[in-house]
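Student: Just so we're aligned: the sequence shown equals residues 70 to 229 in this note's numbering.
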Amino acid sequence: MGAFSIRPISGEDRQWIADLMVDHWGAEIVVSRGVVYTGADLPGFIAEMDGERVGLLTLNIAGEDCEIVTLDSLKEGIGIGAALIDAARQTALDAGCRRLWFITTNDNLHMIGFGQKRGFELAAVHRGAIAVSRKIKPQIPAIGIDGIPIRDEIELEMIL
Ligand SMILES: CC(C)(COP(=O)(O)OP(=O)(O)OC[C@H]1O[C@@H](n2cnc3c(N)ncnc32)[C@H](O)[C@@H]1OP(=O)(O)O)[C@@H](O)C(=O)NCCC(=O)NCCS
Numbered sequence: 070m071g072a073f074s075i076r077p078i079s080g081e082d083r084q085w086i087a088d089l090m091v092d093h094w095g096a097e098i099v100v101s102r103g104v105v106y107t108g109a110d111l112p113g114f115i116a117e118m119d120g121e122r123v124g125l126l127t128l129n130i131a132g133e134d135c136e137i138v139t140l141d142s143l144k145e146g147i148g149i150g151a152a153l154i155d156a157a158r159q160t161a162l163d164a165g166c167r168r169l170w171f172i173t174t175n176d177n178l179h180m181i182g183f184g185q186k187r188g189f190e191l192a193a194v195h196r197g198a199i200a201v202s203r204k205i206k207p208q209i210p211a212i213g214i215d216g217i218p219i220r221d222e223i224e225l226e227m228i229l
């Protein structure tokens, strides 16, 4: 098993990203705070290992805010998630952003913990927000990780 590397998304990654979105997130679109993103249209970073794509982070910069829209590691526990977040943080700093943030759902306790261990703080609980997202993206399941009903958007942020 070799080391992984991180590189920016290129045009040749778009189909792979679209497929990953469907496989992992149920559709090519992602809804965050009522905003619809097409994952494959966003900038971001790919993690590669032994010539294979093993991780993806997509982001959206809006003024002084940089949102991590999606984050997926296909080989967990070897530092890929942390390296992708570092790349997003550097991009946000280079773009003059003041805040790096992301939304996760209330069932994703792993991501809520993972984010906090990497410098993010809980910024808001948007109660019931997933009902709104589901109107746009009906593929969002009723029940999530460990049988937890998916209801709320949890917002985490890192002030840069
Ligand atoms: C959350 C997620 C992106 C983390 O990715 P990851 O590649 O496993 O992240 P890392 O490898 O950097 O860190 C995971 C754990 O492995 C540990 N780790 C990293 N490198 C390690 C190594 N070489 N040896 C031992 N442990 C290691 C980290 O310390 C971390 O543990 P901690 O959070 O208890 O500190 C991944 O679990 C995932 O894709 N989840 C599903 C999708 C998802 O929920 N995305 C977020 C939606 S908002």
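Built from N, CA and C at the ideal position, the CB exists for glycine as well. If you're wondering where the values come from, they're calculated on a predicted model, not measured in any experiment.
In chain order, what residues of the same chain have a beta carbon less than 8 Å from the beta carbon of Ile219, not counting five sequence neighbours either side?
Tutor: Closer than 8 Å at the Cβ level, and outside the excluded window around Ile219, lie Thr174, Asn175, Asp176, Ile199, Ile209, Pro210, Ala211, Ile212 and Gly213.
Student: Taking any heavy atom of ligand 1 as the mark, which residues have a C-beta closer than 7 Å to it, listed down the chain?
Tutor: Taking each Cβ in turn, the ones that pass are His93, Gly124, Thr139, Leu140, Asp141, Ser142, Lys144, Glu145, Gly146, Ile147, Gly148, Ile149, Gly150, Ala151, Ala152, Phe171, Ile172, Thr173, Asn177, His179, Met180, Gly182, Phe183 and Lys186.
Student: In the DSSP assignment, the beta strand (DSSP E) including Arg76 goes from what residue to what residue?
Tutor: Start and end: Phe73 to Pro77.
Student: Within this structure, are the beta carbons of Leu191 and Leu140 separated by less than 9 Å?
Tutor: Cβ atoms of Leu191 and Leu140: not closer than 9 Å.
Student: Could you tell me which residues DSSP pairs with Thr173 in its beta bridges?
Tutor: In DSSP, Thr173 forms a bridge with Ile223.
Student: So the alpha helix (DSSP H) Phe183 belongs to, where does it begin and stop?
Tutor: Start and end: Leu178 to Lys186.
Student: Quick one: is Gly150 buried, meaning 16 or more other Cβ sit within 10 Å of its Cβ, or exposed?
Tutor: Counting Cβ neighbours within 10 Å, Gly150 comes out buried, since at least 16 surround it.
Student: Just to confirm, is the Cβ distance from Ile154 to Ser101 under 9 Å?
Tutor: Going by C-beta atoms, Ile154 is not nearer than 9 Å to Ser101.
Student: Does the beta-carbon of Ile205 have 16 or more other beta-carbons within 10 angstroms, so that it is buried, or is it exposed?
Tutor: Exposed.
Student: If we require 3 or more residues per run, which beta strand (DSSP E) segments fall completely within the region 76-143?
Tutor: If we require 3 residues or more, the beta strand (DSSP E) runs fully inside the region 76-143 come out as 98-101, 104-107, 113-118, 121-131 and 134-142.
Student: Taking the C-alpha atoms as reference points, what is the distance between Ala164 and Asp119?
Tutor: Rounded to whole angstroms, Ala164 to Asp119 spans 31 Å at the Cα level.
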